[in-house]
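For reference, the structure discussed in these notes is given below.
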Amino acid sequence: MLELELLSPAKDKAVGIAAIDCGADAVYIAGPGWGNRKAAGNSIDDIRELCTYAHRFGVRIYLTVNTIIYPDEWPAVHSMMLEAQDAGVDAFIIREERLLSLPDIRVPMHASTQCAIRTPEAARRFEALGCSRIILERALSLQEVRAIREAVSCELEFFVHGALCVCYSGDCRLSEYLDGRSADRGDCIQACRSLYDLVDESGRTLVRGRALLSMRDFKLLDRLEDLAGAGICSFKIEGRLKSASYVKNVVREYSLALDALVAKHPGEYRRASFGKVSGGFTPNSDLTFNRGYTQWWLDGVRGRWSSMDTANGEFVGEVQAVRPSGGGLMLTLKPAGAGLQLSNGDGFAFFEPGRGVTGFRADRCEGRQIFCKRVDGLRAGVRLYRNINAAFERELESGSPRREIGVDVDVAVSGSFVIELKAETEDGRCVVSRFNADVDKAENRERSEAMLREQLSKRSGVYAFKVRSVSAPGALPLLSAGTINSMRRLLAEDIDSYVGLRPPQNDKGTAVPSGSAAVQADSSAVPSGTSVISSERSEPRNLPAELMRTRYCIKYELGLCPRHQKAKPTGALFLVNNGRRLALGFDCAKCEMTVKAA
Numbered sequence: 007m008l009e010l011e012l013l014s015p016a017k018d019k020a021v022g023i024a025a026i027d028c029g030a031d032a033v034y035i036a037g038p039g040w041g042n043r044k045a046a047g048n049s050i051d052d053i054r055e056l057c058t059y060a061h062r063f064g065v066r067i068y069l070t071v072n073t074i075i076y077p078d079e080w081p082a083v084h085s086m087m088l089e090a091q092d093a094g095v096d097a098f099i100i101r102e103e104r105l106l107s108l109p110d111i112r113v114p115m116h117a118s119t120q121c122a123i124r125t126p127e128a129a130r131r132f133e134a135l136g137c138s139r140i141i142l143e144r145a146l147s148l149q150e151v152r153a154i155r156e157a158v159s160c161e162l163e164f165f166v167h168g169a170l171c172v173c174y175s176g177d178c179r180l181s182e183y184l185d186g187r188s189a190d191r192g193d194c195i196q197a198c199r200s201l202y203d204l205v206d207e208s209g210r211t212l213v214r215g216r217a218l219l220s221m222r223d224f225k226l227l228d229r230l231e232d233l234a235g236a237g238i239c240s241f242k243i244e245g246r247l248k249s250a251s252y253v254k255n256v257v258r259e260y261s262l263a264l265d266a267l268v269a270k271h272p273g274e275y276r277r278a279s280f281g282k283v284s285g286g287f288t289p290n291s292d293l294t295f296n297r298g299y300t301q302w303w304l305d306g307v308r309g310r311w312s313s314m315d316t317a318n319g320e321f322v323g324e325v326q327a328v329r330p331s332g333g334g335l336m337l338t339l340k341p342a343g344a345g346l347q348l349s350n351g352d353g354f355a356f357f358e359p360g361r362g363v364t365g366f367r368a369d370r371c372e373g374r375q376i377f378c379k380r381v382d383g384l385r386a387g388v389r390l391y392r393n394i395n396a397a398f399e400r401e402l403e404s405g406s407p408r409r410e411i412g413v414d415v416d417v418a419v420s421g422s423f424v425i426e427l428k429a430e431t432e433d434g435r436c437v438v439s440r441f442n443a444d445v446d447k448a449e450n451r452e453r454s455e456a457m458l459r460e461q462l463s464k465r466s467g468v469y470a471f472k473v474r475s476v477s478a479p480g481a482l483p484l485l486s487a488g489t490i491n492s493m494r495r496l497l498a499e500d501i502d503s504y505v506g507l508r509p510p511q512n513d514k515g516t517a518v519p520s521g522s523a524a525v526q527a528d529s530s531a532v533p534s535g536t537s538v539i540s541s542e543r544s545e546p547r548n549l550p551a552e553l554m555r556t557r558y559c560i561k562y563e564l565g566l567c568p569r570h571q572k573a574k575p576t577g578a579l580f581l582v583n584n585g586r587r588l589a590l591g592f593d594c595a596k597c598e599m600t601v602k603a604a
């Protein structure tokens, strides 16, 4: 039976816990450094607390160590990984192959998408190096995924939702070339979202001021069954810089979809963690920040993937009129569909060629009218998008789901009023707790048993108890409701202590002896909570002429493709931004585009 894992991002401990509560089977998060998101570092103490919470539900925590590592940083990286291993992390997501040779790191290693694995040959290489899981390139077709599945026996992970890098993962040098800030060090400037002019070899401007490299977001909600059938076991959501509301909404939506998939294929699939999620909001990823959605290259068919001409979010309609109102503006909207509800505090955005995306907040909304402060560029005819749905955000904040572990309790009472509670969790853990009841005998056995069942069959923490049986050869003790409640709470604590910290595992799943991951004293060790990647530091590198390679094609997006659209030859094309020129190359045989330093 294949375990299906929903893998959520987390920028911090709080977001990680929210993701777990909404149904995540695993969470990936950065430690103090080298996590490829400079703004999302976390202390080892926070990682330890997140592991403790996660392991109650069998949820795994993966620590990202997926930047390039400078030569003098290796001792500090090693020290941090040892601390994280001791804190209970279940795997490391790595980029540098040298990390696989560290003898005292015994938890599994996952090859990051930054390793640019998109062929069976590359997958076999990383499996042979010792990776227990490979995180595949996003721009792959199902056919290519199947070919990799046939080539290796290790686990395969695939992104299913979130922002898309326009280039092949791990192979982009554009940010570093333009601004000196390396995507390989978690410091990408997102140059692909910038505005560019498209210029031909004669200097003529064909397109002015558009986000020519900006892609829509990934959404494979309705393709999970196809991916599972192709051999994917971990379904990954992008977004380690995203808000808690975004993560909660997307995780809940995909968790429900995975539950439906498991229910459709009993005996073939199961979820990788346990605990029932109930209550809370109704998820809808269309109502949170997005750039429009695409399924990218999953079917191996070229499509229109650009977000260059749209603002971000849900299209709500076209502005019919703009009038001054009390020092601000009043917009009258022609709604995109019947039943559109606008709320005070909604966030909106619109796109203007040459200026890009402009955003603003509504002070108040009344029917089809939006009142806001003055915003340059707002006029009749503008297509308006809502990127903050204030009413839905309030629902997300106030309506969090609850994740609980079902526990069956068997009660046995001896003649001397020793009460034994045997608890069995839904995942198979068994705990026995005993209590001495120095109390009188209950005169009404039926009523006492009913109270015992009622008070024990309640919730304590993350556990939902249910009394399965009561066995007593003689009389029952006369117990108050408060005493029974205390017994239930102590039983929950005993189950918690049974979980403890999941011991580090090697690739064969064998537990590592306690204390073997102790951090050795080292002058270069980094204290918990310290960010070790300095924003001031840069290390000059000889960048390759090819800064980016991608399946995305500007010619195709603009209707200029000679192969698919029978367009006339354009000659050489260049992107220009603030005087910087980038040469575009088109490998039509492979249907790929390159961006080079001009």
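Per this note's numbering, residue 7 is the first one in the sequence shown, and the count goes up by one each step.
Even glycine gets a Cβ: it sits at the ideal position worked out from N, Cα and C.
Here the structure is a predicted model, which means the values were calculated and not measured.
Please return the same chain residues whose Cβ sits closer than 6 Å to the Cβ of residue i, not counting the five positions on each side in sequence.
| i | result |
| --- | --- |
| residue 470 | 410 and 412 |
| residue 367 | 353 |
| residue 172 | 198, 219, 221, 556 and 558 |
| residue 348 | 371 |
| residue 477 | 418 |
| residue 552 | 600 and 602 |
Say the cut is 7 Å; is the CB of residue i nearer than that to a heavy atom of the ligand FAD?
| i | result |
| --- | --- |
| residue 301 | Absent from the structure shown: the ligand FAD. Ligands present: none. |
Let's test the definition: count the other Cβ atoms within 10 Å of the Cβ of residue i and tell me whether it reaches 16, buried, or not, exposed.
| i | result |
| --- | --- |
| residue 496 | exposed |
| residue 7 | exposed |
| residue 444 | exposed |
| residue 288 | exposed |
| residue 504 | exposed |
| residue 28 | buried |
| residue 205 | buried |
| residue 82 | buried |
| residue 242 | buried |
| residue 223 | buried |
| residue 44 | buried |
| residue 475 | exposed |
| residue 167 | buried |
| residue 78 | exposed |
| residue 550 | exposed |
| residue 571 | exposed |
| residue 585 | exposed |
Return the CA-CA distance between residue i and residue j, expressed in angstroms with no decimal places.
| i | j | result |
| --- | --- | --- |
| residue 32 | residue 175 | 22 Å |
| residue 560 | residue 253 | 31 Å |
| residue 37 | residue 193 | 16 Å |
| residue 70 | residue 34 | 7 Å |
| residue 465 | residue 374 | 46 Å |
| residue 448 | residue 487 | 13 Å |
| residue 298 | residue 279 | 31 Å |
| residue 323 | residue 363 | 16 Å |
| residue 426 | residue 468 | 21 Å |
| residue 75 | residue 39 | 10 Å |
| residue 41 | residue 162 | 20 Å |
| residue 191 | residue 593 | 29 Å |
| residue 137 | residue 101 | 11 Å |
| residue 290 | residue 393 | 13 Å |
Return the chain-ordered list of same chain residues with a C-beta closer than 7 Å to the C-beta of residue i, the five sequence neighbours on each side being excluded.
| i | result |
| --- | --- |
| residue 157 | 126, 129 and 130 |
| residue 132 | 117, 121, 123 and 140 |
| residue 386 | 325, 326, 327 and 328 |
| residue 22 | 16, 33, 35 and 56 |
| residue 153 | 126 |
| residue 147 | 303, 304, 305 and 306 |
How would you write the range of the beta strand (DSSP E) that residue i sits in, first residue to last?
| i | result |
| --- | --- |
| residue 167 | 161-168 |
| residue 552 | 552-556 |
| residue 326 | 320-331 |
| residue 36 | 32-36 |
| residue 189 | It is not in any beta strand (DSSP E) - residue 189 carries neither H nor E in the DSSP assignment. |
| residue 398 | Segment 396-404 is the alpha helix (DSSP H) holding residue 398; no beta strand (DSSP E) there. |
Terminal residues of the continuous alpha helix (DSSP H) containing residue i?
| i | result |
| --- | --- |
| residue 86 | 80-93 |
| residue 48 | It is not in any alpha helix (DSSP H) - residue 48 carries neither H nor E in the DSSP assignment. |
| residue 350 | Segment: none, residue 350 is in no alpha helix (DSSP H) and carries neither H nor E. |
| residue 232 | 230-235 |
Segment contact flag, the region 193-206 with the region 272-280, C-beta cutoff 8 Å, min 3 pairs: For the pair of segments examined, the region 193-206 was found not to touch the region 272-280: the number of CB pairs separated by less than 8 Å stays below three.
Stretch-stretch touch, CB-based, cutoff 8 Å, three pairs: the region 339-356 with the region 179-192: The region 339-356 and the region 179-192 do not touch, with fewer than 3 CB-CB distances between them shorter than 8 Å.
The region 205-217 in contact with the region 236-252 per 3-pair CB rule at 8 Å: In this structure the region 205-217 does not lie against the region 236-252, because fewer than three pairs of beta carbons, one per stretch, are closer than 8 Å.
Any 3 or more C-beta pairs closer than 8 Å across the region 326-336 and the region 301-315: These segments do not touch.
At least 3 beta-carbon pairs within less than 8 Å: the region 430-439 vs the region 448-457: Contact between the region 430-439 and the region 448-457 is absent, because fewer than three Cβ pairs lie under 8 Å.
Three CB pairs or more closer than 8 Å across the region 11-26 and the region 392-405: Taking 8 Å as the limit for Cβ pairs, the verdict is that the region 392-405 does not touch the region 11-26.
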